[in-house]
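Please read the structure below before turning to the comments.
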Amino acid sequence: MAEAIQQLVLDTLDKFGTIQDTRTLVLPGYTDPAASHDSQIIILGALNSLSSREMISYTTHETVSHVLTPEGAQIALQGSHEARVWNELPRKGDGAPMTPKQLEERVGSETAKIGQGRAFKNKWISKEGDGLVKIAPSIEDNTQVELREVDSTGTLKSGEKPLAELRKRKLIVQRKGQWFTIKKGPAFSTSIAKPETDLTIDMLTSGSWKTSTYKKYNFEAEGLPTNGGALHPLLKVREEIRNIFLEMGFAEMPTSSFVESGFWCFDALFVPQQHPAREVQDTFYLSDPAESLPPPTAYYERVSKVHEHGGYGSTGYRAPWSDAESRKLLLRTHTTASSASMLYKLAAKCRGEDEDKSTESAAAHGSSAQAEKGGDDGFRPAKLFSIDRVFRNETMDATHLAEFHQVEGVVADRGLTLADLIGFMRVFFKKMGIENLRFKPAYNPYTEPSLEIFAFHPQLRKWVEVGNSGMFRPEMLEPMGFPKDVHVHGWGISLERPTMIRYGINNIRTLVGHKVSLESVENSPAVRF
Numbered sequence: 041m042a043e044a045i046q047q048l049v050l051d052t053l054d055k056f057g058t059i060q061d062t063r064t065l066v067l068p069g070y071t072d073p074a075a076s077h078d079s080q081i082i083i084l085g086a087l088n089s090l091s092s093r094e095m096i097s098y099t100t101h102e103t104v105s106h107v108l109t110p111e112g113a114q115i116a117l118q119g120s121h122e123a124r125v126w127n128e129l130p131r132k133g134d135g136a137p138m139t140p141k142q143l144e145e146r147v148g149s150e151t152a153k154i155g156q157g158r159a160f161k162n163k164w165i166s167k168e169g170d171g172l173v174k175i176a177p178s179i180e181d182n183t184q185v186e187l188r189e190v191d192s193t194g195t196l197k198s199g200e201k202p203l204a205e206l207r208k209r210k211l212i213v214q215r216k217g218q219w220f221t222i223k224k225g226p227a228f229s230t231s232i233a234k235p236e237t238d239l240t241i242d243m244l245t246s247g248s249w250k251t252s253t254y255k256k257y258n259f260e261a262e263g264l265p266t267n268g269g270a271l272h273p274l275l276k277v278r279e280e281i282r283n284i285f286l287e288m289g290f291a292e293m294p295t296s297s298f299v300e301s302g303f304w305c306f307d308a309l310f311v312p313q314q315h316p317a318r319e320v321q322d323t324f325y326l327s328d329p330a331e332s333l334p335p336p337t338a339y340y341e342r343v344s345k346v347h348e349h350g351g352y353g354s355t356g357y358r359a360p361w362s363d364a365e366s367r368k369l370l371l372r373t374h375t376t377a378s379s380a381s382m383l384y385k386l387a388a389k390c391r392g393e394d395e396d397k398s399t400e401s402a403a404a405h406g407s408s409a410q411a412e413k414g415g416d417d418g419f420r421p422a423k424l425f426s427i428d429r430v431f432r433n434e435t436m437d438a439t440h441l442a443e444f445h446q447v448e449g450v451v452a453d454r455g456l457t458l459a460d461l462i463g464f465m466r467v468f469f470k471k472m473g474i475e476n477l478r479f480k481p482a483y484n485p486y487t488e489p490s491l492e493i494f495a496f497h498p499q500l501r502k503w504v505e506v507g508n509s510g511m512f513r514p515e516m517l518e519p520m521g522f523p524k525d526v527h528v529h530g531w532g533i534s535l536e537r538p539t540m541i542r543y544g545i546n547n548i549r550t551l552v553g554h555k556v557s558l559e560s561v562e563n564s565p566a567v568r569f
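Structure follows, in structure tokens:
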């Protein structure tokens, strides 16, 4: 169809030199001129194609006309509501008045309702008793006459005011149209063969490229806008929390070790080897490789001893120690495994020891080193944090995934108390916009005392758990080589929970996973605590 119209335009131009009005064209397959709005749209597509090849040029002319609505078409055919009401009523004095209910049965409820009002206004009918009668001997249905004129010409000779009244009654609608004047272009031809867009090897081989016509490159055409990257809501909240830590003087820990040994993930944290968290139902274990390299020998021996026999004021777990359990490789279940490794390195470095050397030898020479330093054992306070992924063998539902993010902070200093931990938690969460906190005693294998942190959720109107915290046990710190008066605060929260609260998400699978809408990621607003 498009090529046929293009050929029609070119042949008509070749015969007459110009086309003054495209509404006079008779399109292929039709017998009437292309005066309709839809026909002009079809012609416009053909003109744009020819114009892009400079075969023609055209001028657009705008038109405004009116068309009947379905109600207007019905009135043009059957008469207006008021005329139909007048036709059904008896003349005054020629019979019993017609009740409104009888009128509705004759003409319909809508026509009776609208027609009565307009007929009363035109003084065509009047009320007599409980019924209606017509008082005008004859009427002229101007509404029907006007609609028929609009239907045939698209306008009214009487002017804009009656047109506005018909538009107000929603009997007609205004429609803009267009038509075109066409002239020959600089590359005019009656052939509509499309120009070549690519130079192919076949054209070069045959030599047809010499006589072919080519489509011009439009170097000023704008390409499709490229889609820029967008930060996931998790990354936005992560950056805000990270800035809070940096603002409070924390240093970020390296947490790239997704695979850890059972020793660093559990044993170094004084988690018993018989703990349920170490079962395959809760932890992902690796099959190849299945075992880790050995940890520092002396430190390993101290950890195994405090587990099995006790020490540092503890009776231990009094359970058999398994080297195989300690050497198992797994996907870390918490970033506290990285914190344990960092604290071990901090304990070694603060005494001027190589972290790979035995801390036991350092303890043996600690008194002389301290004497040489005038009582300084080399410890320096530290504040560390991490935000990274952890993995647990969870059953996935609306609030749990097998992979999520943990936000963790560690503070090491002399003489820290539980009150210091609570005070720090209040400051930290206040910077996140959470001020109404409660602390509940809890149990963790590697912290004592331990606290669960609850915050009041104003939308849910209830207290929700937002984190866990505590002071690392001496059974964990002293085997590393820390002095007895050095205490360490530790706490952790998830990244997903505050993100879901901030963005009003109630199903974690719409936040993370293959079903996440990319459009929702692009349109998610920035978050500010």
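Mapping of the sequence shown onto the numbering used here: residues 41 to 569, in sequence order. For every residue, glycine included, the Cβ atom is placed at its ideal position computed from N, Cα and C.
Beta carbon of residue i nearer than 7 Å to that of residue j
{"i": "residue 337", "j": "residue 370", "result": "no"}
{"i": "residue 235", "j": "residue 543", "result": "no"}
{"i": "residue 221", "j": "residue 60", "result": "yes"}
{"i": "residue 514", "j": "residue 352", "result": "yes"}
{"i": "residue 76", "j": "residue 215", "result": "no"}
{"i": "residue 306", "j": "residue 486", "result": "no"}
{"i": "residue 423", "j": "residue 289", "result": "yes"}
{"i": "residue 446", "j": "residue 375", "result": "yes"}
{"i": "residue 191", "j": "residue 264", "result": "no"}
{"i": "residue 68", "j": "residue 44", "result": "yes"}
{"i": "residue 509", "j": "residue 293", "result": "no"}
{"i": "residue 219", "j": "residue 80", "result": "yes"}
{"i": "residue 548", "j": "residue 536", "result": "yes"}
{"i": "residue 387", "j": "residue 511", "result": "no"}
{"i": "residue 539", "j": "residue 320", "result": "no"}
{"i": "residue 461", "j": "residue 529", "result": "yes"}
{"i": "residue 552", "j": "residue 419", "result": "no"}
{"i": "residue 314", "j": "residue 359", "result": "yes"}
{"i": "residue 237", "j": "residue 256", "result": "no"}
{"i": "residue 82", "j": "residue 184", "result": "no"}
{"i": "residue 281", "j": "residue 471", "result": "no"}
{"i": "residue 97", "j": "residue 225", "result": "yes"}
Own chain partners of residue i with C-beta closer than 8 Å, once the 5 adjacent residues on each side are dropped
{"i": "residue 124", "result": "118, 147, 151 and 155"}
{"i": "residue 227", "result": "93, 94 and 95"}
{"i": "residue 233", "result": "253"}
{"i": "residue 407", "result": "In this prediction, residue 407 has a pLDDT of 34, which is less than 50 and means its spatial position is unreliable; what the coordinates show is noted afterwards. Correct list: empty, nothing qualifies."}
{"i": "residue 103", "result": "216, 217, 218 and 219"}
{"i": "residue 403", "result": "Confidence at residue 403 is low in this model, with a pLDDT of 35, below 50, so its placement is unreliable and the value that follows should be read with caution. Excluding sequence neighbours, residue 403 sits near 521."}
{"i": "residue 111", "result": "210 and 211"}
{"i": "residue 84", "result": "218 and 220"}
Rounded Cβ spacing between residue i and residue j (contact assumed at less than 8 Å)
{"i": "residue 577", "j": "residue 54", "result": "One cannot answer for residue 577 here, as it falls past the ends of the chain, which runs 41 to 569."}
{"i": "residue 334", "j": "residue 325", "result": "About 18 Å separates the two Cβ atoms, so there is no contact after all."}
{"i": "residue 187", "j": "residue 211", "result": "6 Å"}
{"i": "residue 560", "j": "residue 444", "result": "With 8 Å as the limit, residue 560 and residue 444 do not qualify as a contact, their Cβ atoms being about 19 Å apart."}
{"i": "residue 266", "j": "residue 428", "result": "Residue 266 to residue 428, Cβ: 31 Å. No contact."}
{"i": "residue 140", "j": "residue 169", "result": "Residue 140 to residue 169, Cβ: 12 Å. No contact."}
{"i": "residue 451", "j": "residue 464", "result": "7 Å"}
Other residues of its chain near residue i: CB distance less than 7 Å, five sequence neighbours each side excluded
{"i": "residue 344", "result": "361"}
{"i": "residue 476", "result": "495 and 496"}
{"i": "residue 356", "result": "346, 347, 348, 349 and 350"}
Residues of its chain near residue i, where Cβ-Cβ distance is below 6 Å and the 5 sequence neighbours each way are ignored
{"i": "residue 203", "result": "196"}
{"i": "residue 144", "result": "152"}
{"i": "residue 52", "result": "59"}
Closer than 7 Å to chain C by CB, residue i
{"i": "residue 179", "result": "Within the model displayed, chain C is absent; a lone protein chain is all it includes."}
| Just checking, does the segment 129–142 make contact with the segment 164–183 on the three C-beta pairs under 8 Å criterion? | yes
| query | Is it a yes or a no for the segment 193–207 touching the segment 50–69, going by three-plus beta-carbon pairs under 8 Å? | reply | no
| Three or more C-beta pairs below 8 Å linking the segment 325–333 and the segment 482–501 | no
| query | Is there contact between the segment 82–91 and the segment 102–119, where contact requires at least three CB pairs shorter than 8 Å? | reply | no
| Ordered list of alpha helix (DSSP H) runs contained in the segment 452–513, each at least 4 residues | 458–471
| query | At a cut of 8 Å, does the segment 503–513 reach the segment 463–480 through at least three beta carbon pairs? | reply | yes
| Length-filtered (4 minimum) alpha helix (DSSP H) runs lying within the segment 172–204 | 182–193
| query | Which ranges does the alpha helix (DSSP H) cover as unbroken runs of at least 4 residues, wholly within the segment 346–371, from first to last along the chain? | reply | 363–367
| query | If you pair each beta-carbon of the segment 298–317 with each one of the segment 368–382, do three or more pairs fall below 8 Å? | reply | yes
| request: List in chain order: all unbroken beta strand (DSSP E) runs of 3+ residues lying wholly within the segment 59–140. | output: 96–108
| query | Counting Cβ pairs, one atom from each stretch, are 3 or more of them under 8 Å apart for the segment 449–459 and the segment 262–277? | reply | no
| query | Curious, which full-length beta strand (DSSP E) runs of at least 3 residues does the segment 143–169 contain? | reply | 165–168
| message | Please give the ranges of any beta strand (DSSP E) in the segment 290–316, keeping only runs that are unbroken, at least 3 residues long and fully inside the region. | response | 299–301
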